[in-house]
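In this note's numbering, the protein residues as written are 3 to 441.
Some notes on the structure that comes next.
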């Protein structure tokens, strides 16, 4: 992205492009919106699904030591009492006495960012869990919480997973799903939201092996960010000091990224010890120990390493890394240089003319490519140059132009997004050619 400044203006350009091209829309926009609520549009949902599917391949289906669950969003509220969320999952809240803005006390620099005044109320704990009620009454007995993380379900289901899969340590449980936090100050586009999606793993181990497993998972996370297309110089691996770590963690490394709005967290890796399983065993009365199949006398509560990945932040960083501007024939071009596997549209089919003699065979070609499992966009409006620019702006790796010569020579022109080189490819070799390039 050498041609693009990475200052605040990059976020403005990106947010504009996301709405204009259908990656991310403001939520409930026709009703004036809802603060920090975002909807993924037609291209955004494809991009998001591609990221989740690649994560699933890398961390679940291609590993012999991993299983997965898909747990309910609502859980018995005793889960959150046992885990400590009801008592401790909070941020310090203050209110500006002048404009009444509510702000996180630990993120203030002495001045209200809304009005510039310097007088605030005393800080108080603000629980971040979103509450709702089950049943017809709205009283304390009916309170449930929208889960603030996906992790607890993997601990609560540990016994069932162990009994049904007969896994031996070490093994992991993975999950992709929504979580909810009533953040005081969400913001920076999709970076911090009240509703977000996580890709998480709880990797169950013996206590004495935790350091080796921690380093292994740190290495796996580094492989993932490289696959995501993130430049190494924009990443920071920060060991969190004792006083700043979550109380259940013996070691935490935050993977931080240089966003246009500063260096902030992208992912996290934590050694949670056996805190969670131990607490749920204590509060539920259920035995959550692991029995060594080779020595039935050896029973213990496993420890856990937790690699945690945010789907939305993955997508945001992918967008930031992909955004580029260059010049073509004296005109500026915006191009999203997604890794090929990630691009929401893989191939665009562009007939040189809207005349039926070209559009009909071009549409048939587009369908053939869809049936070969390519994500395809068909576009026949405006000049071929403008159509190329549209595809560049959404990150389509290859444009296939069906022209009048295609009717006689049985070939099409394939244009590369990054090099803009064009080659003539026979129709009967097109699928193979594109697959080779995407590999």
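The C-beta atom is built at its ideal place from N, Cα and C for all residues, glycine as well.
Because the structure is a prediction, the values reported are computed rather than measured.
If you draw a straight line from the Cα of residue 301 to the Cα of residue 112, it is about 53 Å long. The beta carbons of residue 81 and residue 70 sit no closer together than 8 Å.
The beta carbon of residue 172 sits closer than 6 Å to those of 207, all from its chain and outside the five residues before and after it, given in chain order.
Within its own chain, the residues whose Cβ lies closer than 6 Å to the Cβ of residue 117, once the five positions on either side in sequence are excluded, are 100, 101, listed in chain order.
Judged by DSSP in its simplified three-state form, residue 272 adopts strand.
The DSSP-derived three-state label of residue 82 is helix. Along the length of the region 229-317, whole beta strand (DSSP E) runs at least 3 residues long occupy 237-241, 253-261, 264-275, 305-312, reported in chain order. Assignment of residue 123 by DSSP, reduced to helix, strand and coil, places it in the coil class. Unbroken alpha helix (DSSP H) stretches of 4 residues or longer found wholly inside the region 9-44: 10-23, given in chain order. The region 188-208 and the region 33-50 touch, with no fewer than 3 CB-CB distances between them shorter than 8 Å. Excluding sequence positions up to five before and after residue 427, its CB lies within less than 7 Å of the CB of 413, 414, 416, 435, all in the same chain and listed in chain order. In this structure, the alpha-carbon of residue 371 lies about 7 Å from that of residue 378.
As a beta-bridge residue in DSSP terms, residue 207 pairs with 305.
About 7 Å separates the Cβ atoms of residue 157 and residue 204, confirming a contact at the 8 Å cut-off. Just so you know, the alpha carbons of residue 395 and residue 341 end up roughly 14 Å apart. DSSP lists 416 as the bridge partner or partners of residue 425. The C-beta of residue 32 has fewer than 16 other C-beta atoms within 10 Å across all chains shown, which makes the residue exposed. For residue 310, the number of other beta carbons within 10 angstroms of its own is at least 16, and it is reported as buried. By the 16-neighbour rule on beta-carbons within 10 angstroms, residue 216 is buried. If you draw a straight line from the Cα of residue 109 to the Cα of residue 55, it is about 35 Å long. Shown here for residue 123: same chain residues with a beta carbon closer than 7 Å to its own, the five before and five after excluded, namely 96, 97, 99 in chain order. Residue 135 sits in a strand when the DSSP states are folded into three classes.
Less than 8 Å separates the beta-carbon of residue 352 from that of residue 386. In this structure, the alpha-carbon of residue 382 lies about 11 Å from that of residue 362. By the CB criterion at 8 Å, residue 127 and residue 92 fall inside the cutoff. From the listed residues 222, 438, 230, 403, the smallest Cα separation to residue 339 is found for 230. Relative to residue 176, the option among 182, 418, 411, 306 whose CA is nearest is 306. Counting of Cβ neighbours within 10 angstroms places residue 239 among the exposed residues, the total staying below 16. Counting only residues of its own chain and dropping the five nearest sequence neighbours on each side, residue 334 has a CB closer than 7 Å to the CB of 327. In the three-state reduction of the DSSP assignment, residue 118 falls in the coil class, being assigned neither a helical nor a strand state. Membership of residue 393 in the alpha helix (DSSP H) is indicated by the continuous run 386-396.
Cβ atoms of residue 354 and residue 403 come within 8 Å of each other, at about 6 Å.
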